[in-house]
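Taking it in order: structure first as structure tokens, then the write-up.
Chains as they are written, first to last, in our numbering: chain A, 1 to 134; chain B, 1001 to 1682.
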């Protein structure tokens, strides 16, 4: 049997490929991460603080992620009021969230998870500025 | 004669119960049990009226029953209790009196017997029964004798004066001169008839003789008058004593007196002038006039009214009209005298004295001789003896009513007669018992003690065969019926809460029959009912003030009954019962939920009841118990409520949501969520 001539891959190529791969992976991860936490720049709401004194949070913006529990009320002009279960610190916190009429095109389904960017209005109610399924 | 005895004979022991049932408006109202003095009456209350039918006199609204007054009753009862007077002394006294009467009897009377009788008088007066009346008689007889001695002395004096007068007349004639002595035709002894003119010397000589003669004549005339006056005064004194004995019903002393009188004054003049003398001695003021009773009929009078509607003083009435003088006749038949007015004019002491004097004079005209007085006394003695016999006979027949009536009549007329005094105590005791019971019956009827009256009527009907029970029983039964009717009305008024009628009817029932046993029971029941009701109302008000609604709820039956007549309280009670009932329901539901292992549901149930009735201790206790068992849920609810109160809408809603998460059936949480959601979207 003949023996083929033994050829060896240049190490520089290998390193280059690995580096390229890693760079590509990094870019991909960046983009993927960007799609999964769209409001990552917005602070997450601490439900305990909200329970403690919602009025003290008035004017703040937060991101909230949770599962819709129930539709509490609806007003075509003002919007829809839902309860959303937010898990934090290994506890489940039901929170009220107002989906204003400007977001009426978005379907809010019970038992579906949503992530929303909210602000605390003058009444201490969480008002969704943006919301999307998570 | 009988007219005088009417004073005594009209007195009956028992007719009083019929008097109690006299006509009058009260009869209808009370069944006649109310005493007649309560009635206004036909003549009003100002005119005294005597009803001989019932032995009642009325004046100024007061009833004076001859059979039921202390004076007669006490005297009669004293007699009935006294022992019979059959002792040796009593017999000796009677013997002495009889001896005196015998000595003075018309066939035997002579100065010796009169002296003997007079000597017996002091002896008779030694006995107690005589009351020294014989001694008074002896004094009067002695006075008559003294008067007679005075007359004898005056006659003797007059005889002496007559001699002196004759002597003076002789001297007078001698001093008139010879011409007059020889003058023919000079007759008589009293007055010289000489017409010869006397010289001054002669006149000076005979003047003293004339004066002495005049004095003698005057003295003789005075003595004659004194003699007459002395005898008349003695007679009047004696007659007065006899009349007094008659008035005292000492008839045997009257006989003794009249016999002494005849013996002492043998001039045959038996005229009784003492009554006239007494009448004339009364201080009558003629200017005082007479008492006048006036009657005025108004146009409403129908039928045949009494024709004499005017009265003169000092007369009686016949119940229909009053007429003047002694005419008491009436032409009035049945008539209706509605609106009749009566009045009395000129009623005063002077006018009454004048009337009394007229009456005495009238009596003096009827009894104007000692013979009449004597026969009246004899008749009275006979009547008394007959009355006692009659009493004994009726007693044997067990007819106590009639017997007692006869004995009372006899006693009133001949209280001091031997036949009355000798009646045995045992015989008298039966009348006493009957009298006491009848008096008791009168008293019972007067105070409307119908139970006692009924008992007495039964007892009297058993002891006295002739006692008529129909009238008193009718009175009692009618009064009982009327009382029962008033009580029934009072009960009805109490049930309907008509306090005014209740009081009126109870008062009426009490007036008619004060000791009615049913009255005590009914009034007790009514008042205890009232007390219970009042107590319940007081408790109700107090518990409301204390907000102790639970106690009210537990005693709800009592309070429902008590507040039935008070709409305001009733409304309060209704509200309270609703609240407590709601709380009770919440408690029951919580208990049930707790049994199922649902402490949050149990707490919520209690909490809902608590909001209605926060002061209920039971709810508070249950609330505390379940709070510990469902601490997280309770905390969520309370925090939510607190936040809601502080206008922290978001936090409050969050806590309600959390509470609902802990207990999905929570109504409080749902209500809170709905409430706040609506607020947010408003």
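Note that CB positions come from ideal geometry on N, CA and C, so glycine has one too.
Check whether residue i and residue j have beta carbons under 7 Å apart
i, j, result
"residue 1431/B", "residue 1154/B", "no"
"residue 1518/B", "residue 1505/B", "no"
"residue 76/A", "residue 83/A", "no"
"residue 1630/B", "residue 1599/B", "yes"
"residue 1124/B", "residue 1097/B", "yes"
"residue 47/A", "residue 86/A", "yes"
"residue 1258/B", "residue 1370/B", "yes"
"residue 1684/B", "residue 1619/B", "For residue 1684/B there is no data in the structure shown, the boundaries of chain B being 1001 and 1682."
"residue 81/A", "residue 103/A", "no"
"residue 128/A", "residue 118/A", "yes"
"residue 1520/B", "residue 1536/B", "no"
"residue 1247/B", "residue 1360/B", "no"
"residue 1652/B", "residue 1676/B", "yes"
"residue 956/B", "residue 124/A", "Residue numbering for chain B in the displayed model covers 1001 to 1682; residue 956/B lies beyond these limits and cannot be assessed."
"residue 1681/B", "residue 44/A", "no"
"residue 198/A", "residue 64/A", "An answer regarding residue 198/A cannot be provided, because it is not within the stretch 1 to 134 covered by chain A."
"residue 1626/B", "residue 1602/B", "yes"
"residue 1515/B", "residue 1451/B", "yes"
"residue 1100/B", "residue 1089/B", "no"
"residue 1550/B", "residue 1449/B", "no"
"residue 1482/B", "residue 1526/B", "no"
"residue 1121/B", "residue 1138/B", "yes"
Proximity test, Cβ basis, 7 Å: residue i and chain B
i, result
"residue 66/A", "no"
"residue 157/A", "Missing from the structure shown is residue 157/A; chain A here goes from 1 to 134 and no further."
"residue 48/A", "no"
"residue 55/A", "yes"
"residue 86/A", "no"
"residue 103/A", "no"
"residue 123/A", "yes"
"residue 116/A", "no"
"residue 51/A", "yes"
"residue 75/A", "yes"
"residue 17/A", "no"
"residue 95/A", "yes"
"residue 72/A", "yes"
"residue 44/A", "no"
7 Å Cβ cutoff, residue i in contact with chain A
i, result
"residue 1694/B", "This structure leaves residue 1694/B out entirely; chain B is present only between 1001 and 1682."
"residue 1569/B", "no"
"residue 1672/B", "no"
"residue 1680/B", "yes"
"residue 1641/B", "no"
"residue 1606/B", "no"
"residue 1557/B", "no"
"residue 1658/B", "yes"
"residue 1654/B", "yes"
"residue 1649/B", "yes"
"residue 1636/B", "no"
"residue 1535/B", "no"
"residue 1662/B", "no"
Cβ distance (whole Å) where residue i is taken to contact residue j below 8 Å
i, j, result
"residue 1151/B", "residue 1260/B", "That pair is no contact at about 18 Å."
"residue 1457/B", "residue 1469/B", "5 Å"
"residue 1220/B", "residue 1146/B", "22 Å between Cβ atoms; not a contact."
"residue 1084/B", "residue 1424/B", "5 Å"
Would you call the stretch 1635-1644 of chain B and the stretch 1574-1582 of chain B touching, i.e. three or more CB-CB distances under 8 Å?
No, they do not touch.
Count the C-beta pairs between the stretch 1411-1422 of chain B and the stretch 1459-1474 of chain B that are closer than 8 Å, then say yes if the count reaches three, no if not.
no
Do the stretch 1241-1256 of chain B and the stretch 1378-1388 of chain B touch if we need at least three Cβ pairs shorter than 8 Å?
Yes: at least three Cβ pairs fall under 8 Å.
Would you call the stretch 54-65 of chain A and the stretch 100-110 of chain A touching, i.e. three or more CB-CB distances under 8 Å?
no
Between the stretch 1167-1174 of chain B and the stretch 1224-1233 of chain B, do at least 3 Cβ pairs fall closer than 8 Å?
no
Alpha helix (DSSP H) runs contained entirely in the stretch 1535-1585 of chain B, provided each spans 4 or more residues:
1549-1554, 1556-1562
Quick one: complete alpha helix (DSSP H) runs, 4+ long, within the stretch 1205-1255 of chain B?
none
Does the stretch 1389-1399 of chain B come within contact of the stretch 1258-1277 of chain B, defined as at least 3 CB pairs closer than 8 Å?
Proximity of the stretch 1389-1399 of chain B to the stretch 1258-1277 of chain B falls short of the contact definition, fewer than three beta-carbon pairs being nearer than 8 Å.
Identify every run of the alpha helix (DSSP H) within the stretch 32-75 of chain A, keeping only runs that are complete inside it and at least 4 residues long; order them along the chain.
47-52
Does the stretch 1531-1546 of chain B touch the stretch 1505-1514 of chain B, meaning 3 or more C-beta pairs lie closer than 8 Å?
no
Unbroken stretches of the beta strand (DSSP E), 3 residues or longer, contained in the stretch 1144-1179 of chain B
None, since the stretch 1144-1179 of chain B contains no complete beta strand (DSSP E) of that length.
Which ranges does the beta strand (DSSP E) cover as unbroken runs of at least 3 residues, wholly within the stretch 1395-1448 of chain B, from first to last along the chain?
none
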